[in-house]
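Chains A, B, C and D supply the protein sequences, listed in that same order. Counting from 2, one number per residue, gives the positions in the first sequence under the numbering used here. Counting from 2, one number per residue, gives the positions in the second sequence under the numbering used here. Counting from 3, one number per residue, gives the positions in the third sequence under the numbering used here. Counting from 3, one number per residue, gives the positions in the fourth sequence under the numbering used here.
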Amino acid sequence: MAYEVNLGNRSAKVEVLNRAGNKVLLDIDGHKYDIDIAMVERGVYSILYKGHSYNVELIEGESSKKYIVNTFAKTFNLEIIDAESKYISSRNKGMELEEENLLASPMPGKVVRIPVKAGDKVTAGQTLIVVEAMKMQSEFKASHDKTVLEILVKEGDTVNAHQLMIKLE
Amino acid sequence: MAYEVNLGNRSAKVEVLNRAGNKVLLDIDGHKYDIDIAMVERGVYSILYKGHSYNVELIEGESSKKYIVNTFAKTFNLEIIDAESKYISSRNKGMELEEENLLASPMPGKVVRIPVKAGDKVTAGQTLIVVEAMKMQSEFKASHDKTVLEILVKEGDTVNAHQLMIKLE
Amino acid sequence: MIKKVLVANRGEIAVRVMRSCREMGIRSVAVFSDADRNSMHVRYADEAYNIGPAPSRESYLNIEAIIRAAKISAADAIHPGYGFLSENAAFAARCQEEGIIFVGPDPYAITTMGDKIIARQTMIAAGVPVVPGTTEKINDEETALEIVKGIGLPIMIKATAGGGGKGMRLVKHIDELGSSFRRAKSEAMNAFGNDSVYIEKYIQSPHHIEFQILADNYGNAIHLFERECSIQRRHQKVIEETPSPLMNPELRREMGEVAVKAAKAVNYKGAGTIEFIVSDDLEYYFLEMNTRLQVEHPVTERVVGVDLVKEQINIANGNPLPFSQEDLQQHGHSIQCRIYAEDPDNNFMPNPGVISHITEPHGLGLRCDGYVYEGYEIPIYYDPMITKLISWGETRTEAIARMKRALYEYKITGVKTNIKFLEKIMDTKDFTEGQYNTHFIEKNGEFLHSSRLCGTECEDMAIMAAFVDFLTKMERIQPPRYTDELGSNWKDFGRKRNVLRL
Amino acid sequence: MIKKVLVANRGEIAVRVMRSCREMGIRSVAVFSDADRNSMHVRYADEAYNIGPAPSRESYLNIEAIIRAAKISAADAIHPGYGFLSENAAFAARCQEEGIIFVGPDPYAITTMGDKIIARQTMIAAGVPVVPGTTEKINDEETALEIVKGIGLPIMIKATAGGGGKGMRLVKHIDELGSSFRRAKSEAMNAFGNDSVYIEKYIQSPHHIEFQILADNYGNAIHLFERECSIQRRHQKVIEETPSPLMNPELRREMGEVAVKAAKAVNYKGAGTIEFIVSDDLEYYFLEMNTRLQVEHPVTERVVGVDLVKEQINIANGNPLPFSQEDLQQHGHSIQCRIYAEDPDNNFMPNPGVISHITEPHGLGLRCDGYVYEGYEIPIYYDPMITKLISWGETRTEAIARMKRALYEYKITGVKTNIKFLEKIMDTKDFTEGQYNTHFIEKNGEFLHSSRLCGTECEDMAIMAAFVDFLTKMERIQPPRYTDELGSNWKDFGRKRNVLRL
């Protein structure tokens with residue numbers, strides 16, 4: 002069965018054609034790869050292909066279908082699309098626009114200042130919240146003119162990565 | 002509930018009296034320890050006791066109740082005795098003598114030579130089997146005059162640690 | 003004789019100090035905040051005491067809590083590391099009062115060098131060249147204008163209590179002077195609660211070069227040559243090296259002598275660093291003195307062959323310096339890269355988190371001073387530096403090649419790091435040719451931030467690894483159906499994993 | 003110019019050679035047996051080829067398979083490492099035939115130095131002192147008796163094809179001569195298929211000291227000073243250091259010159275080692291030449307500041323030596339400990355298995371050349387050495403203190419190692435005083451095998467850690483009942499673990 006795999010902006014069709022132990026034959030977008038693949042450490046794969054030795058490191062993302070993948074040259078976000086993912090994706094289509102109305106912290110940290118309150122009208126570029134991590138303060142600003150709908154954290158709170166902090170509309 | 006713990010040749014009575022997060026109060030053979038204990042890596046424990054910092058490493062043995070324990074000074078075999086272990090132990094009492102009739106390899110390796118065959122009468126000190134690991138050959142000899150009952154491996158076989166190789170009587 | 007040292011710090015420097023203590027047969031005492039119970043310095047020390055909540059000012063900056071830990075553990079001495087209380091004169095004085103040896107200079111030297119204007123005045127009196135400018139704080143714009151007429155543009159307005167780039171303003175045109183002056187004062191007030199500012203000539207294309215010095219209690223002072231620290235981002239050093247590609251033997255001797263003179267001017271004791279600004283035409287000026295161990299001290303240790311922490315403790319023990327200036331030489335070349343948990347593609351935003359996997363570089367000519375381990379969660383409260391990677395080579399070219407090799411071997415997953423950014427620096431022409439100043443990162447920004455090429459084959463490898471991993475996980479969930487297809491390798495791996503899992 | 007090197011080896015030395023290749027911009031090719039698919043050298047290399055089944059003679063000793071891999075990968079050169087084919091003249095000749103550069107001497111030098119009697123004859127002709135004895139093989143007991151009358155007892159009977167202590171017999175009394183002679187011959191026949199033996203005077207309390215040499219294709223040869231290798235168990239080196247505590251500057255100069263003379267006598271090219279036996283009264287004799295890189299080469303690299311693998315490749319490239327004898331100096335002191343997967347309490351029995359956890363030492367003055375990693379299964383087929391730990395210090399005392407610190411930091415679980423045994427050696431008076439010869443381990447056996455003190459408190463810590471671990475496991479099986487008691491820490495740890503698990 003072929004799967005769709007999203008790697009950064011690329012979408013690839015992937016299928017396992019054969020496999021015996023370490024030896025796997027795959028088809029990626031019509032290109033056949035006869036590889037010798039071994040998980041040598043937790044999340045670390047060694048691939049031999051035509052004599053070349055590649056190392057790939059994986060970290061599982063929010064779901065078992067999402068990965069952060071490190072190659073020697075570059076780091077990618079990767080997602081494996083199966084029927085379930087497709088269903089969720091189609092169901093979410095209509096809601097996508099909303100994402101820019103949700104402000105989440107990209108890293109763990111501590112809320113040091115919230116210069117706005119619920120109900121405030123804010124203009125593009127206005128600072129909504131300041132989060133500190135590792136002695137550095139980051140200001141998060143409004144991308145467009147908006148209204149503050151709800152503030153889910155307060156000054157002094159510790160936030161996790163990707164934690165929702167402010168809803169706008 | 003107090004458990005019996007065997008550490009090398011010592012047998013100790015151990016009981017947890019109280020615990021809250023990292024902080025655990027234990028009683029070992031009547032001595033009370035108020036410790037701060039944290040698993041910092043897989044199988045690596047950091048213990049703070051009266052300000053002193055101890056590191057202990059554990060490897061689980063054949064069962065979840067058996068450990069190999071490394072302290073800075075020494076390595077121990079440790080076993081936690083509960084009702085189940087006691088039952089097994091009492092059941093095995095009668096069979097213990099037989100152990101010297103079972104020859105197992107202490108390490109993984111390869112059988113290079115078996116100079117005896119089933120039915121042979123062997124004398125104390127006679128070589129029964131030669132196992133090679135990492136370029137070194139180890140000869141396993143009969144401890145007493147015996148008869149070879151059964152040989153479970155053959156020359157060229159790879160054996161695991163603790164694998165039974167020869168039965169004597 | 004010091005028998006037990008409390009290390010009033012955390013992270014790599016705490017571990018580094020304890021390593022030298024262990025080699026000297028000295029017991030070490032760790033102090034830790036609530037966020038650091040699982041931190042490496044707690045595991046490494048002989049003793050460890052909690053000194054308060056996670057925020058630094060309630061723990062690592064809490065003088066009384068640290069003194070209390072020193073008394074409970076009966077430590078003879080306190081090593082402050084760098085940062086935190088290392089340049090706090092009140093802390094050094096408090097140690098003195100309590101009869102605990104402070105491994106560092108006395109409060110007088112810390113105070114004198116801590117105020118930039120007093121330091122300038124002291125250096126001028128000692129005949130050490132300083133950047134042309136004022137030796138008094140300036141209160142009004144008129145005085146500022148007069149000064150500028152004297153030394154010429156461009157100039158920098160700086161806060162006397164300054165640091166970290168705050169309260170600093172560059173003035174290129176005379177009509178910017180007034181507004182810049184007012185803004186610098188208000189920034190200084192906000193940042194340090196003190197609006198004193200002074201004026202210095204701005205050195206174009208400046209090099210940041212510093213000299214390591216050691217001084218004992220008997221008036222002996224020597225230098226251990228220079229460190230080149232011009233590769234900076236956000237006024238923070240990223241890469242340091244010694245010898246400096248800019249240096250020549252005459253200049254080295256002269257600046258070294260000046261550095262020793264500067265240290266003697268404050269009756270310095272212990273290890274310290276004299277920082278200079280050097281122009282392209284090799285004019286040099288005293289910038290400031292750091293009255294503690296520097297983050298970049300390992301490059302000096304490697305090239306000169308001296309353990310600086312041991313020398314600090316020897317001096318604190320009242321021993322005379324074991325060598326004279328003539329005994330010291332530079333052998334080969336050494337480079338240090340600071341590995342930060344940060345995202346270079348997103349304005350170097352810090353990236354704390356859990357280290358999921360780590361492979362550290364090893365082999366000839368490498369040193370790795372870090373403190374994180376697999377499963378360790380880097381706290382959000384402290385500095386994002388996780389490791390210092392130090393390479394050595396017979397030549398600068400070899401030291402660079404070795405650093406590239408080490409960065410290639412260094413794998414950290416779970417948090418973002420600047421490792422690939424550092425690799426890019428090693429490939430930058432200005433760097434390999436040794437032609438750079440503090441504008442390096444800005445100047446080479448486009449090249450440094452361009453991403454490395456991962457062609458179709460490289461992308462396909464990423465896809466295959468993830469896809470095979472995904473299928474293997476699925477098969478584990480439904481074992482009866484897939485087991486046969488998997489081959490024995492996967493089963494073996496599963497079995498091996500089980501042995502490892504607790 | 004060499005652009006791609008095939009490394010015909012495995013383990014730490016394969017990785018070590020590839021590291022230098024990477025620093026030189028040379029691509030590296032690994033070869034591996036079926037037992038080594040997951041081995042570090044396969045992961046580290048740019049390319050990797052399977053060359054056969056696990057047993058060495060079917061893979062790493064399989065000349066044709068290796069030549070085939072070199073041709074497929076279009077490697078310009080083959081680096082043999084140490085052991086395996088590194089001293090196999092037929093392999094060196096086969097490379098020559100195929101137009102592949104063999105990184106090492108030519109077949110003539112290998113052959114000459116490979117036969118102990120021919121080597122002795124060649125050295126005598128070159129004026130190099132050899133241990134008094136025969137230069138011809140001895141066939142009958144009468145000749146043996148005559149020889150012994152000439153040189154006096156005690157003597158050693160040795161196999162001409164010898165190695166690893168096989169076919170060697172010490173004779174202390176004249177009436178043992180006959181039986182020892184016969185037994186040595188039969189042992190030699192069994193071990194090497196060649197019963198030739200010769201006789202050497204036995205040196206009482208011998209020191210094993212060797213000199214590193216480098217020679218280019220233009221008749222230039224230099225030495226890189228000595229290594230002291232007297233700490234041995236079962237005729238295998240365990241600890242090496244440089245400078246040798248026995249050495250003095252005059253003797254060093256003299257022996258160094260002799261070593262260079264020995265190398266020149268066989269028209270040597272590349273890196274090699276001249277081994278000497280030295281008596282307590284500093285009489286020295288040529289023992290043998292190793293025509294390859296030694297396991298203990300890193301101590302020389304550290305103290306002299308030269309990358310020996312790079313020099314090997316430079317010479318193979320036809321470059322002249324980049325330095326003369328006068329350019330080279332020794333800086334400080336370096337010690338190497340070999341970490342073996344073995345059980346020192348059970349006659350050093352090898353202990354292969356899965357590495358469950360590893361923490362490697364880091365920091366100033368340390369180098370760790372290994373190849374194992376967490377989850378790696380050490381195969382049963384090859385050498386039990388897993389890492390070489392190298393320390394450096396300004397003085398021998400500091401190098402020992404640093405080695406102790408490093409051994410303390412080094413944690414390997416899953417397999418038994420000799421780490422604690424090595425720590426004991428560092429604490430042995432004969433070692434710290436530098437008063438030792440090849441009898442060291444035997445002489446200090448009782449102290450070395452005595453176990454360290456773990457008092458009641460230390461034992462109780464072991465019990466508590468295991469007991470708490472056991473309870474935690476039980477609670478995981480029955481979560482609803484115990485969760486509350488556990489406190490949030492245990493839950494957090496579980497959560498963190500889940501992030502790590504794939």
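We put the CB at the ideal spot given by N, CA and C, even for glycine.
- Legend: CB atoms of the region 60–75 of chain B lying less than 8 Å from CB atoms of chain C belong to residues GLU61.
- The beta carbon of ILE149(C) lies closer than 6 Å to those of THR136, ILE201 in the same chain, with the five residues before and after it left out.
- Here HIS32(B) is exposed. Its C-beta has fewer than 16 other C-beta atoms within 10 Å.
- Nearest to ALA193(C) by alpha-carbon distance, out of PRO208(C), GLY116(C), MET170(C), is MET170(C).
- Taking every protein chain shown into account, the CB of ARG454(D) has fewer than 16 other CB atoms within 10 angstroms, so this residue is exposed.
- Separation of SER182(D) and LEU172(D) (C-alpha to C-alpha, rounded to the nearest whole angstrom) is 8 Å.
- Relative to PRO208(D), the option among GLY221(D), TYR270(D), ALA264(D), PHE278(D) whose CA is nearest is PHE278(D).
- Taking all protein chains in view, the Cβ of ASP48(D) is crowded by 16 or more other Cβ atoms within 10 Å, so the residue is classified as buried.
- When C-beta distances to chain A are compared with 7 Å, the residues of the region 369–392 of chain C below that value are ILE382, TYR384, ASP385, PRO386, in chain order.
- Separation of PRO386(D) and VAL132(B) (C-alpha to C-alpha, rounded to the nearest whole angstrom) is 15 Å.
- Classified as exposed, ASN349(D) has fewer than 16 neighbouring CB atoms from the shown chains inside 10 Å of its CB.
- Contact annotation, ALA111(D) with THR293(D): C-beta distance approximately 6 Å; criterion of less than 8 Å satisfied.
- Contact of PHE77(A) with chain C by beta-carbon distance below 7 Å involves ALA464.
- Residue contact check for LYS14(A) against chain C: no CB pair falls below 8 Å.
- By the 16-neighbour rule on beta-carbons within 10 angstroms, SER106(A) is buried.
- The criterion of a C-beta distance shorter than 8 Å is not satisfied by GLY307(D) and PRO107(D).
- When CB distances to chain B are screened at a threshold of 7 Å, the residues of the region 48–66 of chain C falling below it are ASP48, GLU49, ALA50, TYR51, in chain order.
- Unbroken beta strand (DSSP E) stretches of 3 residues or longer found wholly inside the region 73–120 of chain C: 79–81, given in chain order.
- Close partners of ARG407(D) in chain A (Cβ separation under 8 Å) are lacking, with about 27 Å as the shortest Cβ gap.
- Annotation for MET42(D): the continuous alpha helix (DSSP H) segment containing it runs 42–46.
- Using a Cβ-Cβ cut-off of 8 Å, SER326(C) does not count as an interface residue toward chain B, since no Cβ of chain B sits closer than that to its own.
- Within the same chain, LEU391, ILE392, SER393, TRP394, ARG404, ALA408 come within 8 Å of LEU368(C) by CB-CB distance, once the 5 residues on both sides are set aside.
- Of all residues in the region 18–30 of chain D, none is placed with a Cβ closer than 8 Å to any Cβ belonging to chain A.
- For GLY365(D), there are no C-beta contacts with chain B under 8 Å, since the nearest C-beta of that chain is about 17 Å from it.
- In the assembly as shown, GLN314(D) is a buried residue. Its beta-carbon has 16 or more other beta-carbons within 10 Å.
- ILE81(B) sits close to PHE472(D), with the two beta carbons spaced by under 8 Å.
- A direct Cα-to-Cα measurement between LYS14(B) and ARG39(C) gives close to 29 Å.
- Identification of chain D residues near ALA162(B) by a Cβ-Cβ cut-off of 8 Å yields GLY355, ordered along the chain.
- Neighbours of ILE74(D) across chain A, judged by C-beta separation under 8 Å: GLY52.
- In the displayed model, GLY447(D) falls within a helix according to three-state DSSP.
- Between the C-alpha atoms of ILE38(B) and THR72(B) there is a straight-line separation of about 15 Å.
- ASN353(D) counts as buried, since no fewer than 16 other beta carbons sit within 10 angstroms of its beta carbon.
- Counting only Cβ-Cβ distances below 8 Å, ARG404(D) has contacts in chain C at GLU25, in chain order.
- Around the beta carbon of ARG21(D), 16 or more other beta carbons sit within 10 angstroms, so the residue counts as buried.
- The Cβ neighbour count for PRO346(D), taken over all protein chains shown within 10 Å, is at least 16; the residue is labelled buried.
- Any Cβ of chain B closer than 8 Å to the Cβ of ALA111(C) would place that residue at the interface, and such an atom is absent.
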